[in-house]
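**Q**
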Amino acid sequence: MVMASHLITIVESERGHEAGAVAAMAWMAWDTAITLDDEVRYLWSDGHLSWVKGMYAFIRYFPLLHDGIVIAFYDRFEYSNVGCRAYIAYKWFGLEALTLAVEFILVMRVLALFEQQRLLKRIIQAAFIVEATCMIAVLVLVIRTQRLTNQCHTSSSPDIFVAYWIVTLVFELFLFVLTLVKCAQNCCTLLRMSETSQKRSLYYIFLRDGTWAFALISGATLLNTLLYQYNTTPACGDGYFWELSVLSFAGSHVILNIRRLKAPESPSHTDSYEPWERSLTYAHAELLPTNTVGSV
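So that you can map any letter, position 253 of the sequence shown is 253 in full-length UniProt numbering, and since no number is skipped, the others follow by simple counting.
1. Just to confirm the assignment, what range does the beta strand (DSSP E) spanning Thr149 have?
2. What first and last residue would you give for the alpha helix (DSSP H) that runs through Asn257?
3. Let me check one thing: in DSSP terms, what residues is Ser157 bridge-paired to?
4. Taking just the CA atoms, how far does Leu65 sit from Ile255?
5. Are there 16 or more other CB atoms within 10 angstroms of the CB of Trp51, so buried, or fewer, so exposed?
6. Pick from Leu111, Val140 and Glu243: whose alpha carbon is nearest that of Ala213?
7. For Met28 and Leu216, what's the separation of their Cα atoms in angstroms?
8. Leaving out the 5 sequence neighbours to the left and right, which residues in its chain are closer than 8 angstroms to Thr149 when beta-carbon positions are compared?
9. In angstroms with no decimal places, state the Cα-to-Cα distance between Gln185 and Arg85.
10. Classify Tyr224 as helix, strand or coil using the three-state DSSP reduction.
11. Mark Asp67 as exposed unless 16 or more other C-beta atoms lie within 10 angstroms of its C-beta, in which case mark it buried.
12. Provide the residue span of the alpha helix (DSSP H) that contains Asp67, from first to last.
13. Confirm, please, whether the CB-CB distance from Thr179 to Gly210 is below 8 angstroms.
14. Closest to Leu207 by CA distance: which of Met25, Val110 and Tyr79 is it?
15. Report the rounded CA-to-CA distance for Trp30 versus Val140, giving the unit in angstroms.
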């Protein structure tokens with residue numbers, strides 16, 4: 001009786017997991033569709049290629065492809081132990097690649113805020129490398145030691161998995177604090193500006209986007225980690241697809257919001273910039289439309 005109840009729970013969890021994965025992918029596709037006009041207008045219309053556009057394309061479209069492959073191969077085959085762990089490795093390192101891409105954009109924002117200060121740049125670069133190394137090391141240990149069922153479902157994860165979230169939290173908190181510090185240093189200037197000008201300020205955009213991006217990414221990573229750590233049914237993977245979707249949402253909107261601020265159809269935007277923002281504009285030229293940077 002207990003065994004039958006356990007099997008029913010597993011089957012229900014599998015169905016719920018698949019539904020959750022499709023829902024996360026559908027939300028990501030919907031967000032991509034409703035921002036497609038902004039993407040074309042603020043990124044692709046000038047006809048020039050840049051690293052920011054490449055990063056945007058990866059952050060926006062790789063998760064859709066990755067999710068599709070993961071869902072397509074989920075519970076469809078009888079995996080060998082090696083094949084199962086290869087599938088799990090593909091899942092986790094796809095997520096890791098997306099995480100590092102989004103964090104790279106966040107790093108570039110902070111470096112622009114501090115005008116590429118050499119010492120701070122080296123500190124942030126070192127911290128980024130340490131974080132990436134620790135995250136990859138944790139994933140390797142997790143993939144090797146996770147207990148898997150015959151259907152390639154995770155039944156338990158090692159305690160060290162929590163370190164994945166902790167490392168991410170510490171690094172992104174570091175970036176968020178740096179953003180707060182820089183914006184606080186210029187709060188008096190912001191207060192002297194009109195409400196409309198404040199909302200057009202690069203510092204306002206950086207602080208606003210940095211706040212919600214930090215909250216969303218940290219929350220999604222924590223949820224995913226806790227589910228894998230404490231849930232022993234296929235539902236433990238529910239947070240995985242939502243973390244992918246949140247990362248894609250955060251990274252793409254952070255880029256679009258900066259590009260949108262300097263849209264050429266809004267020439268009055270340049271009038272609201274204070275001298276202390278001009279160096280930021282030039283330092284972050286790649287994130288801004290190329291035909292408006294020089295007008296600031």
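For every residue, glycine included, the Cβ atom is placed at its ideal position computed from N, Cα and C.
**A** Working from what's here:
1. Taking the first residue of the sequence shown as position 1, residue 149 is located at position 149. Looking at the DSSP string, Thr149 is not in any beta strand (DSSP E), and its letter there is neither H nor E.
2. Here residue 257 corresponds to residue number 257 of the sequence shown, with the count starting at 1. From DSSP, the alpha helix (DSSP H) with Asn257 extends over Asp238 to Leu261.
3. Here residue 157 is taken as the residue at index 157 of the sequence shown, counted from 1. According to DSSP, which records beta bridges pairwise, Ser157 is partnered with nothing at all.
4. On the sequence shown, residue 255 is found 255 positions in, with the first residue counted as 1. On the sequence shown, residue 65 is found 65 positions in, with the first residue counted as 1. Taking the straight line from one Cα to the other gives about 20 angstroms.
5. Along the sequence shown, one-based indexing puts residue 51 at 51. Exposed.
6. Taking the sequence shown and counting its residues from 1, one reaches residue 213 at position 213. Answer by Cα proximity: Glu243.
7. What you label residue 28 is simply residue 28 of the sequence shown in a count that begins at 1. What you label residue 216 is simply residue 216 of the sequence shown in a count that begins at 1. Computed Cα separation, rounded: 14 angstroms.
8. Position 149 of the sequence shown, counted from the start, is the residue given in the question as residue 149. Closer than 8 angstroms at Cβ, skipping near neighbours: Ser155.
9. As a first step, residue 185 must be located in the sequence shown, where it is residue number 185. As a first step, residue 85 must be located in the sequence shown, where it is residue number 85. The alpha-carbon atoms of Gln185 and Arg85 are separated by roughly 49 angstroms.
10. Walking along the sequence shown from the start, residue 224 turns up at place 224. Note on identity: in this sequence residue 224 is Asn, with Tyr being the wrong assignment. Three-state DSSP puts Asn224 in a helix.
11. Stepping through the sequence shown from its first residue, residue 67 is reached at position 67. Asp67 comes out buried.
12. To locate residue 67, count along the sequence shown from 1; it is residue 67. Per DSSP, Asp67 belongs to the alpha helix (DSSP H) from Trp51 to Ala72.
13. Position 210 of the sequence shown, counting from 1, holds the residue named residue 210. Position 179 of the sequence shown, counting from 1, holds the residue named residue 179. Yes, they are a contact pair.
14. Position 207 of the sequence shown, counted from the first residue, corresponds to residue 207. Among Met25, Val110 and Tyr79, the Cα nearest to that of Leu207 belongs to Val110.
15. Taking the sequence shown and counting its residues from 1, one reaches residue 30 at position 30. Taking the sequence shown and counting its residues from 1, one reaches residue 140 at position 140. Using only the alpha carbons, I get a separation of about 33 angstroms.
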